[in-house]
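Asker: If you want this note's numbering, it's the 1-based position in the sequence shown plus 25. A single structure is presented below for examination.
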Amino acid sequence: MENKNLQQRDGFSSKIGIIAAAAGSAIGLGNIWKFPYITGVYGGGAFILVYLVCIALIGLPVMLQEFSIGRRAQANAIGSFKKLKPNTPWFLTGWLGFAAAFVILSFYGVVAGWTLSYVFSAITNSFAGQDPEALGNMFGGLVVNPWKPILFQVIFMVLTAGIILGGVKNGIEKYSKILMPLLLAIIVVLDIRAITLPGASAGLAFLFQPDFSKLTASAVMSALGHAFFSLSLGMGTMITYGSYIGKKENLGVTALQVTIADTAIALLAGLAIFPAVFAFGIEPGAGPGLVFITLPNVFNQMPGGYIFAIMFFVLLAVAALTSSISILEVVVAYFVEDKGWDRKKSTIIATVAITALGAFESLTNSVINFKLPLLKGGVMHSFGFFDWMIEMSDLMLPLGGLFISIFVGWVMTKEDVDDEITNGGELSHAWMGIFEVLTKYVAPVLIFFTFLNLIFGWF
Ligand code: TRP
């Protein structure tokens, strides 16, 4: 059984497929919905700078660590730790990722459902003639509607499950290779539209002229949490995908390419949104409703707005889909490899359970009067849907990343790590020293303080 599994292990078939799938995972609602809105809330350029530092010093090394763990072990997130350090508690890091995948996909599916619903609203021209207040009510009304978000969430989760049922090569890789170029094309068109609007320069200034007075401690924390979220790190997605990467591929270069692609798309999303927001004199710090309320407003006033609105929400939904599959795969790969279930059974069970949790979370916006619990400032607090989902990922992902860094930096032998990253000595060693310092010291220390701060609210 074990041998059969090894021989038949599904995997990516080409370099371009690896990049499409891994960048597809990274580029998602995080880039196009969350990044612009938290950048708006935290005041623009200065936040972006801190975010870029987090990406370079922590995100990039953690991505390479995850790829290395997965490819070395040839297993899912939980199985990888069991294989590399048998009979130790390290497999719990995999379980933390499994739990994070469950929770994050539950709300990810809800937000992705909203984007699907907005695709329909855009097609049926429902934004036209609505003033800003009506558009606000439209979004507010959707979120607090008991059944409509769940209907679209279910549709979205069925699409996600359908791709995962196809497997790695014929599901994840195939669809990522179609959807990612589509996404890139749409975002470039939207950028050109936004930048050529009269008055766009105020938006560019907001993005690229840092105002450090707005940089609070919680902005720094959010920047780190978002670096993990955006790069799909800390929950074992990149461990799982790493296990599908062929032994000849250069993991360091792949991690760098995925990181650059993800960062570039986040910045392109900011470039598509803020110039338009400023050109029409709209408030940039609108929060989670930024793309759902502010942008329809912008589209209403923009020549060609009808088409651009459709394109934008299709873009969001496509980006969400290539990410949600990578989260579901964390759960499904574990069921298939460690529980021995077939792919179909694994996918159905995982999807039903996660969708049910998400539907429950969605209902906390309307009929269920239940606040989601979370430890903060050393005490249990209750959170509404939006805060809970952000806090949950800001906490679980950096925690997972902390353990992953410690594992690669201090638990795996240096020889094993070097061997995996240089493909057995074939690739250059030149930057290995930097990687080692980042892995052993910089990443764990920075994560440790940031997440203690999140729990205890020290600074
Ligand atoms: N990175 C995706 C986004 O930006 C979301 C995502 C996919 C994710 N897989 C993940 C986040 C794993 C954390 C961990 O939308």
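Quick reminder that beta carbons are idealized off the backbone N, C-alpha and C, glycines included. On a predicted model such as this, the values are computed, not experimentally measured, just so you know.
1. So, at 7 angstroms on beta carbons, what are the nonlocal neighbours of K108 in its own chain, with the 5 sequence-adjacent residues on each side left out?
2. Take N150 and list the residues in its own chain whose beta-carbon comes closer than 8 angstroms to its own, dropping the five residues that flank it on each side.
3. With respect to 8 angstroms, is the separation between the Cβ of Y359 and the closest non-hydrogen atom of ligand 1 below this value?
4. I want to know whether the region 368–381 touches the region 345–353 - three or more CB-CB distances under 8 angstroms.
5. With H, G and I counted as helix, E and B as strand and the rest as coil, what does DSSP make of T149?
6. At the level of alpha carbons, what is the spacing between I217 and G55?
7. If you compare alpha carbons, which of D35, F385, I44 is closest to A286?
8. S39 lies in the alpha helix (DSSP H); which residues open and close that run?
9. Check the C-beta distance from A342 over to A468 and give it rounded, since I have them as a contact under 8 angstroms.
10. Could you give the DSSP three-state label for V392: helix, strand or coil?
11. According to DSSP, is L471 helix, strand or coil?
12. Would you decide whether R34 is buried or exposed? Buried here means 16 or more other CB atoms lie within 10 Å of its CB.
13. So, does the CB of V135 fall closer than 9 angstroms to a CB anywhere in chain B?
14. With distances taken Cα to Cα, identify the nearest neighbour of G95 among T140, S131, I264.
15. Kindly list the residues whose CB is nearer than 6 angstroms to the CB of M414, restricted to its own chain and excluding five residues on each side of it in sequence; keep chain order.
16. Along the alpha helix (DSSP H) that carries E354, what are the first and last residues, could you check?
17. Please go through the same chain and pick out, in chain order, the residues whose beta-carbon is closer than 6 angstroms to the beta-carbon of L190, but skip the five residues on each side of it.
18. Extract the residue ranges of the alpha helix (DSSP H) inside the region 138–197, only unbroken runs of 4 or more that lie entirely within it.
19. What residues in its chain sit with their C-beta under 8 angstroms from that of G259, if we drop five residues either side in the sequence?
20. Can you give me the Cβ contacts of V179 inside the same chain, cut-off strictly under 7 angstroms, excluding the 5 residues immediately before and after it?
21. Given the structure, does A345 come close to ligand 1, in the sense that its CB is under 8 angstroms from one of the ligand's heavy atoms?
22. Check for me: the alpha helix (DSSP H) holding N325 runs from which residue to which?
23. Could you compute how far the alpha carbon of A210 sits from the alpha carbon of I290?
24. Taking the alpha helix (DSSP H) that W413 belongs to, which residues open and close that run?
25. Going by DSSP, what residue range makes up the alpha helix (DSSP H) through S243?
26. Nearest CA to the CA of A51: which residue from S348, F164, I188, E445?
27. So, is Y288 buried or exposed, given that buried needs 16 or more other C-beta atoms within 10 angstroms?
28. Answer yes or no: the CB of T279 versus the heavy atoms of ligand 1, is any distance below 8 angstroms?
29. Along the chain, where does the alpha helix (DSSP H) that runs through S226 open and close?
30. With DSSP run on the structure shown, which of helix, strand or coil describes N30?
31. Within a Cβ cutoff of 6 angstroms, which residues of the same chain sit near G224, ignoring the five residues on either side of it in sequence?
32. Between the C-alpha atoms of K374 and I480, what's the straight-line distance to the nearest angstrom?
33. Please indicate yes or no: does the CB of G55 lie closer than 8 angstroms to some heavy atom of ligand 1?
34. Please report the straight-line C-alpha distance between V433 and M457, rounded to a whole angstrom.
35. P86 lies in the alpha helix (DSSP H); which residues open and close that run?
36. Between H454 and the rest of its own chain, which residues show a CB-CB distance below 8 angstroms, the 5 nearest in sequence each way excluded?
Answerer: This is what the structure holds:
1. A98, A100
2. Y331
3. no
4. yes
5. coil
6. 22 angstroms
7. I44
8. No alpha helix (DSSP H) contains S39, which DSSP labels as neither H nor E.
9. Incorrect: roughly 33 angstroms between the Cβ atoms, too far for contact.
10. coil
11. helix
12. exposed
13. Considering every chain present, this structure includes no chain B. It has just one protein chain.
14. I264
15. F132
16. 330–359
17. T372
18. 157–169, 173–190
19. V87, G122, A125, F253, M421, L422, P423, L424, G425, G426, I429
20. T380
21. yes
22. 320–326
23. 11 angstroms
24. 410–431
25. 242–255
26. S348
27. First, the amino acid is wrong: residue 288 is Thr here, not Tyr. T288 should be labelled buried.
28. no
29. 226–233
30. Caution is warranted here: a pLDDT of 47 is assigned to N30, below 50, making its placement in the model unreliable, and the coordinate value is therefore given only provisionally. Helix.
31. A304
32. The question names Lys, but residue 374 is Ile in the sequence shown. Approximately 33 angstroms, taken between the alpha carbons.
33. yes
34. 13 angstroms
35. 85–98
36. D443, T447
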